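Colleague:
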Amino acid sequence: MEHPLGGESSTSNSTDESKWKYDVFLSFAGEDTRLRFTSQLDEAFKRSGIKTFRDDVDLERGRDIRQNLFQAIEDSLCAVVVISEKYANSKWCLDELQKILESRNTLHRRVFPIFYDVDPADVRKQEKNFGNALAEHEKKFGKATKKVQNWRNVLFEISNLSGWDTRGKNEADVIKNIVGEVWTYLISKLPSYNDNLVGIDSRVVDLMPLLDVGSNEVRFVGIWSMGGAGKTTLARVVFEKLSNMYEMCCFLANVRETLQREDRVSVQKRILSHLKATDTEILDDYEGRKMIRKLLYGKKVLIVLDDVDNHNQLKNLVESPDWYGEGSRIIITTRDSHVLTALRVTRIYEMKMMKTDESLQLFCNKAFHKDQPEENYSKLTESVVEYAGGLPLALEILGSFLCGRSKAEWIDALDRLKRIPDNNINEVLRISYDGLDEEEKTIFLDIACFFKGWKKKEVILLLKGCDIHSKIGIKVLIEKTLLVETGACTLQMHDLLQELGRYIVRQESPNVGERSRLWEFDDIKEVLENNKGSEKIQAIVVPQKNRIVNIHSEAFSKMSNIRLLIFSLKEFSTVKSPRGLKLSSALKVVRWPNFQLNALPLENPLEKLVHIEMPNSQIKQLGNGIQIMRKLKFINLRNSMNLVETPDFSGIPYLEYLCLSRCKSLVRVHQSLGKLKALAMVELELCMNLEILPRKLETNSLTMLNLRGCEKLAVLPEFEEGMKKLSYIDISWAAITRLPESLESLTSLRDLNLSLCKILNLDDMLLKVTSLTNLSLRNCGLNDGSIPDDFGSLSSLVALDLSWNNFVNLPSGCFSSLFRLRFLSLDSCKSLKSLPRLPPRLFGLHATSCLSMETPLSSDEHIWNLVASLDHECRGRTKYYVISDEDYDDDRPLDETKSAPLRDFFAIIPGRGIPSWFSMDTLEMRWHHCVIEVNIPRDFRDSEWLGIVVCLPVTFFSSMLKIYWSTKAPEDDDFIHKEWGHGTALFSRSDCQCIMVLELNEETCWQHLRGHNNSLHIKFEIYGDRDAELCGCGWRLIRKEEIRQAERCNLNDFNQVTQPQLATPHEVSLPWSVLGYYIRSK
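When we follow UniProt numbering, the leftmost residue of the sequence shown carries the number 1, and every step to the right adds one.
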């Protein structure tokens, strides 16, 4: 069988890379590596389908060895050279190396050096064993001989090539990396299915690790994307490249379309024909299934099933992996990821849209028959490429259509595309839409017309109000690549899919009032001002426009099927609501900010209304008409200043959400609210005049109660014993002075905010709410006797805010048993003299503006724990620690971090100078920045290295400190800028030390390392509101073992640490206990 990655055997000195006999020539010193490393590497190559030449295996008997070796080097596409300690001892190895590098220069062959347990510098400088071996050769051949000088030259040359240094590495990992890189190189050199396929090679390389052709397991691999993205093309290219590796191959194109025209038996016959079984009679699909399985059983096959849109289409065609022989590959292309899920395909390659440069090249190839646009067409070309959005289908069709046309024709065509999408593009894209059920089509059209770019959660809420099963519907649209959920949880779709959806709606009627959806401002204005609506209209979403709409009083009366009405949340003052306005009784969702009428227009009963949002409205009362809205689940009248009281809620038993926040005239909430069994969330924040709530809450579904800022509310309702879901209560800044006894029955209460409340029975009630994880007692007027000696019963507590209170001395053990506590704030406790013993797992302490603090750091272990948590809970999270004896004012809640998100440890403490166990070598030192050079150890990728600990002493003069750091390789001109932390603390004329740990991270600073140069330049810069001066820089490399050493230390060890004598920074052990000792002692 012909080797899959090669072609015919090359002739001597051939430069045709598409024809070679071997993929890899493997050069090695047998005495050093034959039995272990080289054998393992050779086996790994074979498993990946890479054909190697080894002189100890592949030399032909009876032929001249030298000629045979040199021919094999020329017949190989690349060479892997394993340079070990005794490599230079062998003149055969050195001759091979000379020929390999000659082929590199003349035949452009790739060379991959592996420095096996040797230092590349020894090879380059020809020292140690390499120097000794060459000296022996000179004794044999004479110093003046050109042969030995050539060997010296090739050793120097290969030592400067990029390769692998195996010292200190796991050999299995090294071999895996080598095979991966060689495979990537070989794939890039294979002839493409079509040389004009822009961007295909990179996608083939990305797909290959999923296929892993060297593995013996049977693999199903999916290729998934929207229509027109190039799935079929990619599958075809891979099929052409790899087909020679398999005993049987079949590419079944257009499965979806084929099964629409033909029955399953016909498709089975086609598969059998591809597999060379032409004289087979099939009576039914079950018989066909048996024939296919019998033919495939035990054979290594490659099958591509293109454009599958339902997993049932593959029934009795290709099914279980046990149908096939070892190493078989079945590739399935689809627009619907659920097809792959149903078939239990876990290896899925998602085709991405083309990058801008690829899009430009592809379009120009079609429009101009070259890679760049014609002169004077650049701007127009950019417009077309932007319109296509990286979709290859669109780029090809539009490029071919515009080829040879004038600029005026281009401009006219682009203008037409804004209203009428290209039919050829739409035909392909519409296939996925036509395969949706009716509810999924409704969701697709709603998102295309209205909700692209909206938060997924909000869209689900609005569509749920329209009785649409939006959660599963959106999931299906994502699976079918008609929709994308971004990392920010917004819903996006390709611009061409959005245009398709809007085009479908426009095609419903030439009359805008007879279309199902209205989204363009001019169309909406025409319909609402001139009463041109009809029963066809289902939804209206008014966009943000700074223009006036004078709504006709009967504008909605004809819209007997309208379910959704949304006005923009911004520029809402442009919508004028007439008196006598009639809303359609069909409405289910209404969002109308700044509604100008003082009552809901209820001439037509809104019996179907589920969701109403009218923030900033002029409504004074909801009225008794709300009683007939039995389906109502969601009410938001936030900031409706004229609302005085709520109606009787007993007529809307399914209400789940009520928001009346900032309704400053609201005095009372009707007693019936407390009996709504479905009610989940109540928000009454900053209702300044609210005095009366229901006496008792009996709603078992309630999860959140927000009464923040209700400054006239003196009594909190009692809670029914069965309220197991209530997890959040905020009564901060309220007039409440006593907590109800029933509070202890809330067994799921996690968050309780009592800030600015003067609770009289705090000591009695606090310890009974044992489920709390977050508790805020900020500015509650607490003193030494206000809190218990031991918070131990609050064992679940994670965050505790005691800031702005009047403590002088906190009980020494009040926090010590809070084993889950992570964050503690004592900011602005201006009478507090010392810190108590801190809990063992704390890693966020805020203690600024404690003006009376005599010993800011009074114990060993709390500083130790703040530091030691870096290698455990804190990895990848913000680590923040500030202690200051100067004035600091911060009005933010505890859960808001006061610095930029950091990956590692960051601390600011009072103090000056740099301890002697830091290296203080700098390349550059200025008052506001410094540059250091760090020699990164060669095994920095080893997980045992943690990072670099840095100490920056800084002098402040009333300054908000900002610190930035950036990195570069020594030979680079510019640093890559990266923010480290800012807004960290406000000091008034103070000396402090900034302690930070920079993680050894491939994605950040270490990407700048070049070749064998392990030096890295790091620049630190400080900025302040006024003046801030950097007084030095200390740094040191840290291993995780040093943390473990500190973990084994007991507390007495902290006081016994001596400062070590410095050698080179990374050679000196620096236990974390030393860092703890340093922070504490300064």
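Just so you know, even glycine gets a beta-carbon here, dropped at the ideal spot from N, CA and C. Model, not experiment: these values are computed from the prediction.
I'd like to know whether the C-beta atoms of residue 767 and residue 793 end up nearer to each other than 7 Å.
Modeller: Contact flag set, yes.
Colleague: So what does residue 54 bridge to, in DSSP terms?
Modeller: Partner(s): 26.
Colleague: Sort out for me which residues DSSP pairs residue 592 with in a bridge.
Modeller: DSSP lists no partner for residue 592.
Colleague: Candidates 656, 673 and 657: which alpha carbon is nearest residue 650's?
Modeller: Residue 673 is the option with its Cα nearest to residue 650.
Colleague: If you follow the beta strand (DSSP E) that residue 100 is in, where does it begin and where does it stop?
Modeller: No beta strand (DSSP E) holds residue 100; the alpha helix (DSSP H) holding it covers 91-106.
Colleague: Identify whether residue 241 lies in helix, strand or coil by the three-state DSSP scheme.
Modeller: DSSP places residue 241 in helix when its eight states are reduced to three.
Colleague: Curious, which full-length alpha helix (DSSP H) runs of at least 4 residues does the segment 713-800 contain?
Modeller: Correct list: 762-766.
Colleague: Report the rounded CA-to-CA distance for residue 642 versus residue 728, giving the unit in angstroms.
Modeller: Roughly 28 Å between the two C-alpha positions.
Colleague: Who are the near neighbours of residue 441 in its chain, counting only those whose CB is closer than 8 Å to its CB and skipping five residues on each side?
Modeller: 433, listed in sequence order.
Colleague: Work out the CA separation of residue 137 and residue 236 for me, nearest whole Å.
Modeller: The alpha-carbon atoms of residue 236 and residue 137 are separated by roughly 54 Å.
Colleague: Under the three-state reduction of DSSP, which class applies to residue 966: helix, strand or coil?
Modeller: Looking at residue 966 - three-state DSSP - the assignment turns out to be strand.
Colleague: In the DSSP assignment, find the unbroken alpha helix (DSSP H) run with residue 823 in it and report its ends.
Modeller: Counting along the chain, residue 823 falls outside any alpha helix (DSSP H), though it belongs to the beta strand (DSSP E) covering 823-825.
Colleague: Would you mind working out which of 771, 921, 631 and 765 sits nearest residue 786, comparing C-alpha positions?
Modeller: It is 765.
Colleague: For residue 321 versus residue 385, is the C-beta distance shorter than 7 Å?
Modeller: For residue 321 and residue 385, no; Cβs fall outside 7 Å.
Colleague: How many Å lie between residue 560 and residue 524 at the Cα?
Modeller: If you take the alpha carbons of residue 560 and residue 524, they lie about 17 Å apart.
Colleague: Do the segment 599-613 and the segment 621-634 make contact, defined as three or more Cβ pairs closer than 8 Å?
Modeller: Because the criterion of three Cβ pairs below 8 Å is met, the segment 599-613 and the segment 621-634 touch.
Colleague: Flag this pair as yes or no: are the beta carbons of residue 162 and residue 96 separated by less than 7 Å?
Modeller: No; because the gap between Cβ atoms is not below 7 Å, this pair is not in contact.
Colleague: When DSSP labels each residue in this structure, what does residue 681 get in the three-state scheme?
Modeller: Residue 681 falls in the strand class under three-state DSSP.
Colleague: Can you tell me whether DSSP reads residue 20 as helix, strand or coil?
Modeller: In the structure shown, residue 20 sits in coil (DSSP, three-state: anything other than H, G, I, E or B).
Colleague: What residues match up with residue 164 in a beta bridge as DSSP calls it?
Modeller: 114, per the DSSP bridge assignment.
Colleague: Are residue 640 and residue 617 touching if we call contact CB-CB under 7 Å?
Modeller: Contact flag set, yes.
Colleague: Do you know how far the Cα of residue 706 is from the Cα of residue 696?
Modeller: When rounded, the distance between both Cα atoms is 16 Å.
Colleague: Closest by CA to residue 567, which one among 593, 718, 367 and 530?
Modeller: Comparing Cα-Cα distances from residue 567 to each of 593, 718, 367 and 530, the minimum goes to 593.
Colleague: Looking at residue 115: is its Cβ nearer than 7 Å to the Cβ of residue 83?
Modeller: Yes; because the gap between Cβ atoms is below 7 Å, this pair is in contact.
Colleague: Alpha carbon to alpha carbon, what distance is there between residue 197 and residue 204?
Modeller: Spanning the two alpha carbons is a distance of roughly 12 Å.
Colleague: Identify every residue that forms a DSSP beta bridge with residue 1020.
Modeller: According to DSSP, which records beta bridges pairwise, residue 1020 is partnered with 930 and 965.
Colleague: According to DSSP, is residue 988 part of a helix, a strand, or is it coil?
Modeller: Low local confidence applies: a pLDDT of 43 at residue 988 is under 50, so the model's placement there is unreliable, and no value is given.
Colleague: Would you decide whether residue 54 is buried or exposed? Buried here means 16 or more other CB atoms lie within 10 Å of its CB.
Modeller: Classification of residue 54: buried, given that the 10 Å Cβ count is 16 or more.
Colleague: Could you give the residue range of the beta strand (DSSP E) that holds residue 1085?
Modeller: A query on residue 1085 cannot be resolved here, the shown segment of the chain reaching from 1 to 1082 and no further.
Colleague: Under a three-way DSSP split, which group does residue 1032 fall into?
Modeller: Coil at residue 1032, not helix or strand.
Colleague: By alpha-carbon positions, which one of 155, 154, 156 and 175 ends up nearest to residue 1110?
Modeller: Shown here, the chain extends from 1 to 1082; a query on residue 1110 therefore has no answer.
Colleague: Note the first and the last residue of the continuous beta strand (DSSP E) segment covering residue 79.
Modeller: Residues 76-83.
Colleague: Looking at the secondary structure, which residues open and close the beta strand (DSSP E) in which residue 133 lies?
Modeller: That residue, residue 133, is in no beta strand (DSSP E); its alpha helix (DSSP H) goes 128-141.
Colleague: Residue 48 and residue 179 - do their beta-carbons sit closer together than 7 Å?
Modeller: Yes.
Colleague: Is residue 646 helix, strand or coil when you go by DSSP?
Modeller: Reduced to three states, the DSSP call for residue 646 is coil.
Colleague: Between residue 760 and residue 782, what straight-line distance do the alpha-carbon atoms span, to the nearest angstrom?
Modeller: The alpha-carbon atoms of residue 760 and residue 782 are separated by roughly 10 Å.
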